[in-house]
Amino acid sequence: MELTNTRRVVPRATWLDSTPSTNAELREAARAEALPHGTLIATADQTAGRGRLSREWITPPGTALAISILIRDFGVRGLGVSWLPLLAGSAVTAALQPLFFDGMRVGVKWPNDVHVRDEQDAEAGRPGLKLCGVLCEMLPDGSVVVGMGVNLLIPDWELPTDRATSVLAGGGNVGGAETIADPLGADLADRVTASVAAELLRLTALAADQPQAARALVLRHSLTLGSEVRVHLPGDDVVDGRARGLADDGALLVDLPTGGQLTVSAGDVEHLR
Numbered sequence: 001m002e003l004t005n006t007r008r009v010v011p012r013a014t015w016l017d018s019t020p021s022t023n024a025e026l027r028e029a030a031r032a033e034a035l036p037h038g039t040l041i042a043t044a045d046q047t048a049g050r051g052r053l054s055r056e057w058i059t060p061p062g063t064a065l066a067i068s069i070l071i072r073d074f075g076v077r078g079l080g081v082s083w084l085p086l087l088a089g090s091a092v093t094a095a096l097q098p099l100f101f102d103g104m105r106v107g108v109k110w111p112n113d114v115h116v117r118d119e120q121d122a123e124a125g126r127p128g129l130k131l132c133g134v135l136c137e138m139l140p141d142g143s144v145v146v147g148m149g150v151n152l153l154i155p156d157w158e159l160p161t162d163r164a165t166s167v168l169a170g171g172g173n174v175g176g177a178e179t180i181a182d183p184l185g186a187d188l189a190d191r192v193t194a195s196v197a198a199e200l201l202r203l204t205a206l207a208a209d210q211p212q213a214a215r216a217l218v219l220r221h222s223l224t225l226g227s228e229v230r231v232h233l234p235g236d237d238v239v240d241g242r243a244r245g246l247a248d249d250g251a252l253l254v255d256l257p258t259g260g261q262l263t264v265s266a267g268d269v270e271h272l273r
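Under our numbering, the residues of the sequence shown are numbered 1 to 273, in order.
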């Protein structure tokens, strides 16, 4: 794939017909040479992808995008590195929201997933269905590989779980595309990749120069804040409460029903219905 639009917004873009992992490819490439900030690798056939907590991320070839972008010097000033998964989620949100019709909201489920939901479900606290996961990996020099897996053209019957969806299955406007291997699908994939990359680079710059503005945007894109949640903590502890806000490091602040507040830096969050 030519990635014509993407090459306009990043210094270097590589499309791979197939790879075990775009994060691993970019990590090895960065080890071999001094790649510029914003270097991107993408594919529509990732055979050994993984998500947070080493979970598998496997999709049918030609139906999902795996995108990895190298971010340099993040956290030197402004927001810290722990905000990167949230900023990446906001970048994907901005790229995918225009593909959906009015009444469908794309947003971020803390800490690293992008969901879409019918806004009629908002009052029930439902986070919707998963469109994308984010995995950030720090390199020895302090740079970060930001990996994003976007479910683009997976049909209903091939979705990996009943909690997942894709732009196609969720009713988004894919312009008649059926697979990324076809011209319509290739054009859609290039436009989405370019939009994600441009927005992530904009947000990382904003986080350095205007951290409060970047933080406000993350808050605006959150589907978790204001929802009743169940937090599954390390060690198998489970706590219910109401997601109230984000701490200075991006940790989730949860008001407890018995009073007090829990700060969640690591754990799985379930939206209660």
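Where is the CB? At the ideal position from N, CA and C, for every residue including glycine.
Residue burial classification, residue i (beta-carbon count within 10 angstroms, cutoff 16)
i: Ala13; result: buried
i: Leu272; result: exposed
i: Ser265; result: exposed
i: Pro36; result: exposed
i: Arg215; result: buried
i: Ala88; result: buried
i: Thr204; result: buried
i: Thr263; result: exposed
i: Pro98; result: exposed
i: Arg117; result: buried
i: Ile154; result: buried
Cβ-Cβ distance between residue i and residue j below 9 Å
i: Phe226; j: Arg242; result: Note that residue 226 is Gly in the sequence shown, not Phe. Cβ atoms of Gly226 and Arg242: closer than 9 Å.
i: Thr47; j: Val10; result: no
i: Val114; j: Val146; result: no
i: Pro60; j: Glu178; result: no
i: Gly62; j: Ile180; result: yes
i: Trp110; j: Ser222; result: yes
i: Arg230; j: Glu199; result: no
i: Asp187; j: Gly175; result: yes
i: Ala70; j: Ala42; result: Here the sequence assigns Leu to residue 70, which means Ala is not the residue at that position. Contact flag unset, no.
i: Leu184; j: Leu219; result: no
i: Glu25; j: Ser68; result: yes
i: Leu139; j: Ala66; result: no
Near the ligand HEM: residue i beta-carbon under 8 Å from a heavy atom
i: Arg72; result: No copy of the ligand HEM occurs in the structure displayed, which carries no ligand at all.
Residue i versus residue j - alpha carbon distance
i: Ala96; j: Val167; result: Sequence inspection shows Leu at residue 96; the Ala mentioned does not correspond to that position. Those two C-alpha atoms are separated by around 8 Å.
i: Leu79; j: Leu86; result: 11 Å
i: Met148; j: Ala44; result: 12 Å
i: Gly267; j: Leu233; result: 5 Å
i: Val81; j: Glu137; result: 10 Å
i: Ser143; j: Val192; result: 24 Å
i: Asp156; j: Ala164; result: 9 Å
i: Gln261; j: Leu252; result: 10 Å
i: Asp240; j: Thr258; result: 10 Å
i: Leu84; j: Asp209; result: 15 Å
i: Ala213; j: Ala207; result: 7 Å
i: Leu3; j: Ala189; result: 8 Å
i: Gly107; j: Asp162; result: 18 Å
i: Val254; j: Asp236; result: 17 Å
i: Leu152; j: Arg72; result: 28 Å
i: Val238; j: Leu256; result: 12 Å
i: Asp248; j: Asp182; result: 44 Å
i: Gly289; j: Ala197; result: Outside the shown range of the chain, which is 1 to 273, sits residue 289, and nothing can be said about it.
i: Gln120; j: Phe100; result: 15 Å
i: Arg105; j: Leu217; result: 15 Å
Closer than 9 Å to chain D by CB, residue i
i: Gly175; result: Annotation note: the requested chain D is absent from the structure, which comprises a single protein chain.
Every unbroken alpha helix (DSSP H) inside the stretch 79-150 [4 residues or more]: 84-96
Completely contained beta strand (DSSP E) runs for the stretch 228-256, where each covers 3 or more residues: 228-232, 238-246 and 252-255
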